[in-house]
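A.B. asks: Here the protein sequences come in this chain order: A and B. Taking my numbering, the leading residue of the first sequence gets 33, the next gets one more, and so forth. Taking my numbering, the leading residue of the second sequence gets 33, the next gets one more, and so forth. Glycine included, every Cβ here is placed at the ideal spot set by N, Cα and C. Everything numeric in this text was worked out from a predicted model, so none of it was measured. Pasting a structure below so you can have a look.
Number of protein chains: 2
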Amino acid sequence: MSARDFDAWMRDRLAEVERALERWVPADAPAGLGEAMRYGVLDGGKRLRPLLVLAACEALAGAREAALRAAVAVELIHAYSLIHDDMPCMDNDVLRRGKPTVHVKYGEAQAMLAGDAMQALAFEVLTPCGDLLDAPPEAVGVDAALQARLVALLARASGHAGMAGGQAIDLAATGRALDEATLRHMHRCKTGALLQTSVLMGAACGHPGAREWRALADYGAAIGLAFQVVDDILDVTQPSATLGKTAGKDSDANKPTYVSVLGLDAARRHAQELRAAAHAALAASGLADAAALAVLADKVVEREN
Amino acid sequence: MSARDFDAWMRDRLAEVERALERWVPADAPAGLGEAMRYGVLDGGKRLRPLLVLAACEALAGAREAALRAAVAVELIHAYSLIHDDMPCMDNDVLRRGKPTVHVKYGEAQAMLAGDAMQALAFEVLTPCGDLLDAPPEAVGVDAALQARLVALLARASGHAGMAGGQAIDLAATGRALDEATLRHMHRCKTGALLQTSVLMGAACGHPGAREWRALADYGAAIGLAFQVVDDILDVTQPSATLGKTAGKDSDANKPTYVSVLGLDAARRHAQELRAAAHAALAASGLADAAALAVLADKVVEREN
Numbered sequence: 033m034s035a036r037d038f039d040a041w042m043r044d045r046l047a048e049v050e051r052a053l054e055r056w057v058p059a060d061a062p063a064g065l066g067e068a069m070r071y072g073v074l075d076g077g078k079r080l081r082p083l084l085v086l087a088a089c090e091a092l093a094g095a096r097e098a099a100l101r102a103a104v105a106v107e108l109i110h111a112y113s114l115i116h117d118d119m120p121c122m123d124n125d126v127l128r129r130g131k132p133t134v135h136v137k138y139g140e141a142q143a144m145l146a147g148d149a150m151q152a153l154a155f156e157v158l159t160p161c162g163d164l165l166d167a168p169p170e171a172v173g174v175d176a177a178l179q180a181r182l183v184a185l186l187a188r189a190s191g192h193a194g195m196a197g198g199q200a201i202d203l204a205a206t207g208r209a210l211d212e213a214t215l216r217h218m219h220r221c222k223t224g225a226l227l228q229t230s231v232l233m234g235a236a237c238g239h240p241g242a243r244e245w246r247a248l249a250d251y252g253a254a255i256g257l258a259f260q261v262v263d264d265i266l267d268v269t270q271p272s273a274t275l276g277k278t279a280g281k282d283s284d285a286n287k288p289t290y291v292s293v294l295g296l297d298a299a300r301r302h303a304q305e306l307r308a309a310a311h312a313a314l315a316a317s318g319l320a321d322a323a324a325l326a327v328l329a330d331k332v333v334e335r336e337n
Numbered sequence: 033m034s035a036r037d038f039d040a041w042m043r044d045r046l047a048e049v050e051r052a053l054e055r056w057v058p059a060d061a062p063a064g065l066g067e068a069m070r071y072g073v074l075d076g077g078k079r080l081r082p083l084l085v086l087a088a089c090e091a092l093a094g095a096r097e098a099a100l101r102a103a104v105a106v107e108l109i110h111a112y113s114l115i116h117d118d119m120p121c122m123d124n125d126v127l128r129r130g131k132p133t134v135h136v137k138y139g140e141a142q143a144m145l146a147g148d149a150m151q152a153l154a155f156e157v158l159t160p161c162g163d164l165l166d167a168p169p170e171a172v173g174v175d176a177a178l179q180a181r182l183v184a185l186l187a188r189a190s191g192h193a194g195m196a197g198g199q200a201i202d203l204a205a206t207g208r209a210l211d212e213a214t215l216r217h218m219h220r221c222k223t224g225a226l227l228q229t230s231v232l233m234g235a236a237c238g239h240p241g242a243r244e245w246r247a248l249a250d251y252g253a254a255i256g257l258a259f260q261v262v263d264d265i266l267d268v269t270q271p272s273a274t275l276g277k278t279a280g281k282d283s284d285a286n287k288p289t290y291v292s293v294l295g296l297d298a299a300r301r302h303a304q305e306l307r308a309a310a311h312a313a314l315a316a317s318g319l320a321d322a323a324a325l326a327v328l329a330d331k332v333v334e335r336e337n
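Listed below in structure tokens is the structure:
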């Protein structure tokens with residue numbers, strides 16, 4: 033896939049994801065809640081997770097409506113986690129995607145509620161159905177068994193054994209030295225699980241065989257970890273203006289990072305190894321049309337913010 | 033159903049729910065997260081929502097495993113909302129069920145994460161499946177279509193159009209006078225939606241006809257509102273020791289309540305009207321075995337804490 037072809041592919045998918053977010057994140061939620069939710073998720077972000085969902089779905093010629101819902105759902109989970117993570121009791125950050133964080137703009141209570149409502153909305157978007165009070169909800173637009181599968185994947189990746197668990201390890205690790213294995217476990221949970229699940233949710237929209245599924249799980253694990261290694265590198269090498277968030281935050285907070293544990297050069301080498309592992313997994317998948325996934329692995333490692 | 037029969041029924045169901053919570057709320061979640069989650073949901077609470085799920089399921093001779101999972105899931109959502117609601121940026125409460133609140137015991141960051149992880153766990157419990165990384169998750173124990181239905185119900189009741197939306201209205205209403213219609217809307221969202229959904233999740237585990245479904249939705253709406261009216265009455269008539277939480281909190285905070293809007297006597301009459309409406313809905317359902325639901329409606333109105 034040429035750089036130009038990928039750029040066109042990405043531009044189309046990003047526009048589609050923005051339209052879907054615009055449609056499914058409610059403007060009319062009561063008492064300012066909708067405004068805070070939309071502020072937290074619209075008009076910003078790289079949308080890496082939605083792109084992974086769509087690329088994996090396309091590699092398996094899967095169901096488009098289901099994948100679009102999965103893309104929105106995983107982005108809602110990611111965005112809610114940023115809102116909660118930025119709050120004073122967590123990272124206490126005032127800048128995100130170059131704008132004031134949600135609690136700075138709307139207050140802490142509304143920020144917490146917006147995050148809570150966004151997590152619920154993710155599971156709502158995954159389970160489209162008819163009028164609930166009129167009759168037991170019947171699946172609409174997405175096959176019910178696929179709805180259940182997507183919920184199972186997303187719930188596990190965001191909860192105690194995934195993202196939230198990783199954040200708890202992170203909390204406990206601040207100011208402590210970690211060995212590389214513990215650091216890797218923390219990041220596999222905190223960041224990796226949701227990135228891997230993005231790939232698997234997209235794949236679930238098709239009819240993956242066991243070989244394809246396992247290879248895509250390996251691909252997702254590799255880019256999930258690569259993303260965090262690169263994040264740690266960028267935290268010390270890029271200014272805040274480029275990152276759109278406060279640079280040097282993790283090293284200032286004395287949090288263990290790949291750079292603090294491995295050193296900058298070894299962290300860079302590790303990112304390249306993980307990129308190679310992602311490409312190897314795609315080759316092992318036997319998928320004929322995994323070009324967008326391959327370029328996404330490169331982008332994860334080459335990104336500058 | 034005699035009082036003795038109901039007590040025996042309830043004792044059995046409560047024991048079953050506690051065993052299920054004990055089994056499904058992880059002890060081994062990392063870095064103290066599991067401990068905070070278990071502290072927030074085990075060993076306390078009236079378990080009204082789980083009882084409603086199980087009673088509705090039994091009235092329709094529904095699937096037991098599904099109903100037990102629904103009972104645990106709805107209690108997890110309820111418990112997470114209490115944890116977040118008690119935090120300093122919301123109600124800033126230090127006492128819940130007669131014990132220090134989660135943020136007092138574990139700190140604000142861990143309390144927020146525990147709540148977040150409990151919401152995810154609710155949807156995980158609703159979607160039992162095999163090993164995710166080995167193959168696309170297949171439903172286990174609960175039919176996949178029913179899994180999707182239960183998620184659809186729970187997500188909508190807890191999100192922006194339900195519980196979280198009601199909390200946002202509550203936030204915005206503090207210190208303002210509300211008319212009864214707005215107060216009712218707030219409580220239908222904040223408390224009523226999850227209680228109503230408990231009934232409907234239980235019903236969905238059976239094979240309800242449209243008449244039964246709509247009647248149970250009416251029953252759930254009536255007891256949902258009755259619960260809040262009684263809550264507002266108890267807030268001004270009972271001491272903290274009986275409530276297991278800080279009494280007089282809402283009136284002190286100058287929050288609009290049924291007592292402040294209607295007066296104490298009219299609020300008590302309204303609770304009785306809602307009890308009658310709940311019984312009328314059960315009669316209209318045509319269900320032969322709705323005795324436990326009938327007693328639960330009485331208990332909601334007659335409770336003292």
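#1: Which residue from B:Gly295, B:Leu257, B:Tyr290 puts its Cα closest to that of Val332 of chain B?
#2: So, are the CB atoms of Ala146 of chain B and Leu53 of chain B less than 8 Å apart?
#3: For Lys131 of chain B, which beta-bridge partners are listed by DSSP?
#4: Looking only at DSSP bridge pairs, what is Cys161 of chain B linked to?
#5: Candidates A:Glu336, A:Glu50, A:Ala63, A:Pro160: which alpha carbon is nearest Ala196 of chain B's?
#6: Using a Cβ cut-off of 7 Å, pull out every chain A residue sitting near His116 of chain B, in sequence order please.
#7: I'd like to know if Pro288 of chain B contacts chain A, where contact means its C-beta is closer than 8 Å to some C-beta of that chain.
#8: Short of 6 Å in beta carbon distance, which residues of its chain neighbour Cys237 of chain B, apart from the five on each side in sequence? Order them along the chain.
#9: What does the Cβ neighbour count give for Leu74 of chain B, buried or exposed, with the cut at 16 atoms within 10 Å?
#10: Applying a beta-carbon distance threshold of less than 7 Å, which residues of chain A neighbour Ser190 of chain B?
#11: Can a CB atom of chain B be found closer than 8 Å to the CB of Thr159 of chain A?
#12: Please determine, among B:Gly191, B:Arg101, B:Ala225, B:Tyr138, the residue with the shortest C-alpha to C-alpha distance to Gly173 of chain B.
#13: Kindly list, in the order they appear in chain A, the residues whose Cβ is closer than 8 Å to that of Val183 of chain B.
#14: Output yes if chain B places a C-beta closer than 8 Å to the C-beta of Gln260 of chain A; else output no.
#15: Using a Cβ-Cβ cut-off of less than 7 Å, list which residues of the stretch 48-64 of chain A approach chain B; keep chain order.
#16: Could you list the residues in the stretch 195-221 of chain A with a C-beta less than 9 Å from some C-beta on chain B, going in chain order?
#17: Specify whether the stretch 175-195 of chain A and the stretch 147-159 of chain B touch according to this definition: at least 3 beta carbon pairs, one from each stretch, less than 8 Å apart.
#18: Taking all protein chains shown into account, do 16 or more other C-beta atoms lie within 10 angstroms of the C-beta of Ala200 of chain B, making it buried, or fewer, making it exposed?
#19: Could you list which residues in chain B have their beta carbon closer than 7 Å to that of Gly66 of chain A, in chain order?
#20: Report all residues from its chain with a CB closer than 8 Å to the CB of Leu186 of chain B; omit the five preceding and five following residues, and keep chain order.
#21: Classify Lys78 of chain A as helix, strand or coil using the three-state DSSP reduction.
#22: For Arg43 of chain B, is the classification buried or exposed, using 16 other Cβ atoms within 10 angstroms of its Cβ as the cut-off for buried?
#23: Where does Arg335 of chain B sit, in a helix, a strand or coil, going by DSSP?
#24: How is Arg208 of chain A classed by DSSP in three states: helix, strand or coil?
#25: When DSSP labels each residue in this structure, what does Gln199 of chain B get in the three-state scheme?
#26: Can you name, in chain order, every residue of its own chain whose Cβ lies under 7 Å from the Cβ of Thr133 of chain A, other than the five neighbours on each side?
#27: Would Gln179 of chain B be called buried (16 or more neighbouring beta carbons within 10 Å of its own) or exposed?
#28: Indicate whether at least one CB of chain A lies closer than 8 Å to the CB of Ala111 of chain B.
#29: Give a yes or no on whether the minimum CB-CB distance between Met122 of chain A and chain B is below 8 Å.
#30: Can you tell me which of A:Gly276, A:Arg301, A:Glu244, A:Asp321 puts its alpha carbon nearest to the alpha carbon of Lys78 of chain A?
#31: Quick one: grab the DSSP three-state call for Met144 of chain B.
#32: Report the CB separation of Ala209 of chain A from Pro288 of chain A in whole angstroms; it is logged as a contact under 8 Å.
#33: Nearest chain B C-beta to Pro240 of chain A closer than 8 Å, yes or no?
#34: What does the Cβ neighbour count give for Gly162 of chain B, buried or exposed, with the cut at 16 atoms within 10 Å?
#35: Mind checking which residues open and close the alpha helix (DSSP H) that includes Pro243 of chain B?
C.D. replies: Taking the structure as given:
#1: Per the Cα distances, B:Leu257.
#2: At the C-beta level, Ala146 of chain B and Leu53 of chain B stay beyond 8 Å of one another.
#3: Paired residues: B:Arg128.
#4: Answer is B:Ala171, bridged to Cys161 of chain B.
#5: Out of A:Glu336, A:Glu50, A:Ala63, A:Pro160, A:Ala63 has the C-alpha closest to the C-alpha of Ala196 of chain B.
#6: Those are Met144, Asp148, listed as they occur along chain A.
#7: Not a single C-beta of chain A is nearer than 8 Å to the C-beta of Pro288 of chain B.
#8: Cβ-Cβ distances below 6 Å link Cys237 of chain B to Cys89, Gly94, Ala95, Ala98, Ala99 in the same chain, with the five nearest sequence neighbours on each side left out; the list follows chain order.
#9: Burial state of Leu74 of chain B is exposed, judged by a 10 Å Cβ sphere holding fewer than 16 other Cβ atoms.
#10: Within 7 Å Cβ-Cβ: Ala152.
#11: It does; some Cβ of chain B falls within 8 Å.
#12: Closest option to Gly173 of chain B, judged by alpha-carbon separation, among B:Gly191, B:Arg101, B:Ala225, B:Tyr138: B:Arg101.
#13: Phe155, Leu158, Thr159, Gln179, Ala180, Val183, listed in chain order.
#14: Taking Cβ atoms only, chain B never reaches closer than 8 Å to Gln260 of chain A, which makes this a no.
#15: Here the close residues are Pro58, Ala61, Pro62, Ala63, Gly64.
#16: Against chain B - using a Cβ distance shorter than 9 Å - the residues of the stretch 195-221 of chain A are Met195, Ala196, Gly197, Gly198, Gln199, Ala200, Ile201, Asp202, Leu203, Ala204, Ala205, His217, Met218, Cys221.
#17: Contact between the stretch 175-195 of chain A and the stretch 147-159 of chain B is present, because at least three Cβ pairs lie under 8 Å.
#18: In the assembly as shown, Ala200 of chain B is a buried residue. Its beta-carbon has 16 or more other beta-carbons within 10 Å.
#19: Within chain B, the residues near Gly66 of chain A are His192.
#20: The answer, listed in chain order, is Ala102, Ala105, Val106, Ile109, Ala154, Phe155, Leu158, Thr229, Met233.
#21: Residue state for Lys78 of chain A is assigned as coil, using DSSP reduced to three classes.
#22: Exposed: under 16 other Cβ atoms inside 10 Å.
#23: In the structure shown, Arg335 of chain B adopts coil according to DSSP, grouped into three states.
#24: Coil.
#25: Helix at Gln199 of chain B.
#26: Contacts found: Asp118, Asp125, Val126, Leu127.
#27: Of the residues assessed, Gln179 of chain B falls on the buried side of the cut-off, its CB having 16 or more other CB atoms within 10 angstroms.
#28: No, its Cβ sits nowhere closer than 8 Å to a Cβ of chain A.
#29: Chain B contact via Cβ: present.
#30: Nearest of A:Gly276, A:Arg301, A:Glu244, A:Asp321 to Lys78 of chain A, Cα basis: A:Gly276.
#31: Of the three classes helix, strand and coil, the one that applies to Met144 of chain B here is helix, per DSSP.
#32: For a cut-off of 8 Å, the C-beta gap from Ala209 of chain A to Pro288 of chain A is around 7 Å, short enough to register as a contact.
#33: At least one chain B Cβ lies under 8 Å of Pro240 of chain A.
#34: So Gly162 of chain B ends up on the exposed side.
#35: Note on identity: in this sequence residue 243 of chain B is Arg, with Pro being the wrong assignment. Start and end: 242-269.
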